[in-house]
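The next block holds one structure in the form of C-alpha cells; read it before the comments.
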Amino acid sequence: MQESSKKEAKLIGIAMIAGLAIGLGLYFSGSAHYVAYIKPLADIFIRLLKMVIVPLVFSSIFMSMINLGTPEALGAMGRKAVGYYFITTVIAVLIGLIFVNIIQPGVGADLGSAGLQNLDSSMAQRVSEQKGLFQTIIGVLVDAIPTNPVGALANSNVLQIILFSIFFGIVALYYPKRSSAIVEGMRSLEHMSLTLTHWVMKLAPIGIFVLMVDVMSRSGFDAIISLSKYIFAVVIGLTCHAIFLMVIACVRSKKSPMFILKGLATPLITAFSTSSSAATLPLTMAAVEDNLGVSKDTAKFVLPLGATINMDGTALYESVAAIFIAQAYGIDLSIGQQVIIFMTASLAAIGAAAIPGAGLITMSIVLGAVGLPLEGIGLILAVDRFLDMFRTTVNVFGDCVGTIVVDSMMSGQTFKKVESDET
Ligand code: ASP
Numbered sequence: 005m006q007e008s009s010k011k012e013a014k015l016i017g018i019a020m021i022a023g024l025a026i027g028l029g030l031y032f033s034g035s036a037h038y039v040a041y042i043k044p045l046a047d048i049f050i051r052l053l054k055m056v057i058v059p060l061v062f063s064s065i066f067m068s069m070i071n072l073g074t075p076e077a078l079g080a081m082g083r084k085a086v087g088y089y090f091i092t093t094v095i096a097v098l099i100g101l102i103f104v105n106i107i108q109p110g111v112g113a114d115l116g117s118a119g120l121q122n123l124d125s126s127m128a129q130r131v132s133e134q135k136g137l138f139q140t141i142i143g144v145l146v147d148a149i150p151t152n153p154v155g156a157l158a159n160s161n162v163l164q165i166i167l168f169s170i171f172f173g174i175v176a177l178y179y180p181k182r183s184s185a186i187v188e189g190m191r192s193l194e195h196m197s198l199t200l201t202h203w204v205m206k207l208a209p210i211g212i213f214v215l216m217v218d219v220m221s222r223s224g225f226d227a228i229i230s231l232s233k234y235i236f237a238v239v240i241g242l243t244c245h246a247i248f249l250m251v252i253a254c255v256r257s258k259k260s261p262m263f264i265l266k267g268l269a270t271p272l273i274t275a276f277s278t279s280s281s282a283a284t285l286p287l288t289m290a291a292v293e294d295n296l297g298v299s300k301d302t303a304k305f306v307l308p309l310g311a312t313i314n315m316d317g318t319a320l321y322e323s324v325a326a327i328f329i330a331q332a333y334g335i336d337l338s339i340g341q342q343v344i345i346f347m348t349a350s351l352a353a354i355g356a357a358a359i360p361g362a363g364l365i366t367m368s369i370v371l372g373a374v375g376l377p378l379e380g381i382g383l384i385l386a387v388d389r390f391l392d393m394f395r396t397t398v399n400v401f402g403d404c405v406g407t408i409v410v411d412s413m414m415s416g417q418t419f420k421k422v423e424s425d426e427t
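So our numbering is basically just the index in the sequence shown, starting at one, shifted up by 4.
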C-alpha cells in the first residue's frame, strides 16, 4: 500500500473520531442547531461522490468486459460473484437469528418507553407501497433491463447501467474494429472518472468530519438507551459477521487483517458516515483497485454489482429487527416462521436500494411474510439511522471481500477469446 494511502487512512480516522466527539458535545450542550452552518460541506462531499458514480460504473463495467476479452469470462465471474453474495448473505442472516434468539432483546420491552414512534405520513406511504417478496424480486430482475439507457444514466439506476454496459461490451468484443472509437472513448471516460474520484477523495476528511458531527448531534440518546439491548444484538451480530468476512479475506488474499483494514479505511469510514453503499461506491472502487492488489477488472465488475444487490449487513439487521418486533409484541414465532424470516430477510436485502434507510422500508416484506404488525417499524425507527451506519459498513466490506474471493477463484482460469467476424 502506498505511503499516501496510509496517511489518508490516518487522517480519515482522526476526522471520524473528532466529528464523533464534537457531535456528541453539541448534542449534550443543546447546540445541535449550529451544525446547519457546516452541513453544506457534507452535502457537497456526497453530491460530488454521486456525481462520479454514473460515468465510473458505466465505463468500468464496459472496460472490464473488454479487458476480460470474452463473455464466458464475465459469465464465470458473474456466477462466482453471485454464489459468494448468496452464501455470505445466508450466513449473515443465520448469525443475526442466533444472536437475537440468545439475547432476546424484545422480551419484556416496554413499547412506550422503547421509543415507539408513529410512522410519519411519507414513511407510512413508502412502507405501504413496498411490494411483496415475489413482486420485489421479480421486479428487481425485470427492472434491471433498461428501456432507455440514457434514462438509466440520468436516473443513476446502477443495475440498469451495469446491464447496458455488459450488452454494449459484448457487442464491442464481437465487432472490435467498428467499436474501436467507443472503446477508446470509454477508456478515457474511465480514466477521467477515476481521476475525479481521487480528487473527491481529498475532501473525504472534511466530509466525514461534518457527517459525523451532524449524525451525532442528532443522535437521540434516550432512544439509543431504551433500545440498547436491540442495538447490542444488531451490532454484535454485525461484528461477528465482519470477523467472519475478514477471515475469508485473509485466507484468500494471504494478507493481514491490518493490511486489509488500512487499505479499505476510506470506503469503510465513508460508508459508516454516509450510510450509503451507492455514494461510497467510487471510493470503494478506488481503494480496492489501488490498495488490495486484486485484479482491477474483477473489482470493476464485482463492486458495482455487489453495491446494488449484496447487502449482508442489511440482511442480518432485517432478521434481528423482525424477531425483535415479534418479541416486543409478545408474539411467539414458530420455527417455520423463523425459516420464512430467514428466507425473506435474505431476499429483502437484495431488493433494498443502496441508500440510507432503504433496509427499513424492505423490512415490511419480512414482517408481512409472517404476519407481524407493520407498525412495529415505528418501534425501531428512532435508532435506524444509527444502525444503518453499522450495517452499511458491513455491506461495503462484504463487497470488497467478494472482490478478493472472486479474484482468487478467477486467477489461472483461461478463456477462449471471442472470434470476431470482422477482418
Ligand atoms: N443504507 C444501506 C446501504 O446503503 C441499505 C440499508 O438501509 O440497509 O447499504
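Just so it is clear, CB atoms sit at the ideal spot from N, CA and C, and this is done for glycine as well. Source: prediction; values computed, not measured.
Residue from the options with nearest C-alpha to residue i
i	options	result
F90	L53, L296, A319	A319
V428	Q108, A36, F394	Residue 428 lies beyond the range of the chain shown here (5 to 427); nothing can be said about it.
K10	L265, Q342, M413	L265
I327	L177, L98, A40	L98
D294	F305, P308, M315, L268	L268
K259	F62, V405, G82	V405
N161	L24, G173, V86, T312	T312
A444	N105, A352, Y179, V175	As shown, the chain starts at 5 and ends at 427. That puts residue 444 outside it, with no answer to give.
A246	F103, A332, G402	G402
I50	A353, L167, A208, A13	A208
V58	T284, I107, A275	T284
T274	T396, K43, G143	T396
N314	Y333, S63, A77, Y88	Y88
L385	A291, S230, I345, V292	S230
A22	M216, A353, S223	M216
Q288	D301, P308, S279	Just to set this straight, residue 288 is Thr in the shown sequence, not Gln. Of D301, P308, S279, the residue nearest in Cα terms is P308.
Burial state of residue i, where buried means 16 or more other Cβ atoms lie within 10 Å
i	result
V154	exposed
L145	exposed
P109	buried
G119	Confidence at G119 is low in this model, with a pLDDT of 48, below 50, so the placement of that residue should be treated as unreliable; the coordinate-derived value is given next. By the 10 Å Cβ count, G119 comes out buried.
M367	buried
G79	exposed
S338	exposed
M262	exposed
T427	Annotation note: pLDDT 49 at T427 (below 50); position unreliable, no value reported.
T199	exposed
D218	buried
Helix, strand or coil at residue i according to DSSP, with G and I counted as helix
i	result
Q164	helix
A80	helix
V239	helix
S35	coil
N152	coil
G119	Note on G119: pLDDT 48, under 50, position unreliable in the model; the coordinate value appears next. Of the three classes helix, strand and coil, the one that applies to G119 here is coil, per DSSP.
L376	coil
P75	helix
P109	coil
R222	coil
L52	helix
Y179	coil
V58	helix
L98	helix
Assumed close pair residue i, residue j - CB separation to whole angstroms, cut-off 8 Å
i	j	result
Y38	L30	6 Å
I408	V298	6 Å
I228	S277	Contact flag wrong, Cβ pair sits at about 17 Å.
V400	L249	Contact doesn't hold; Cβ gap of about 11 Å is too wide.
I170	M67	That belief does not hold up - the Cβ atoms of I170 and M67 are roughly 12 Å apart, past 8 Å.
E439	T270	Examination of residue 439 is not possible in this model, given that the chain is present from 5 through 427 alone.
L193	S257	About 29 Å; that fails the 8 Å criterion.
R389	S221	12 Å between Cβ atoms; not a contact.
Within the stretch 315-365, ranges of the alpha helix (DSSP H) (whole runs, at least 4 residues): 316-332, 339-355
Contained alpha helix (DSSP H) runs [length at least 4] in the stretch 247-283, N- to C-terminal order: Fully enclosed alpha helix (DSSP H) runs of 4 or longer: 261-267, 269-278.
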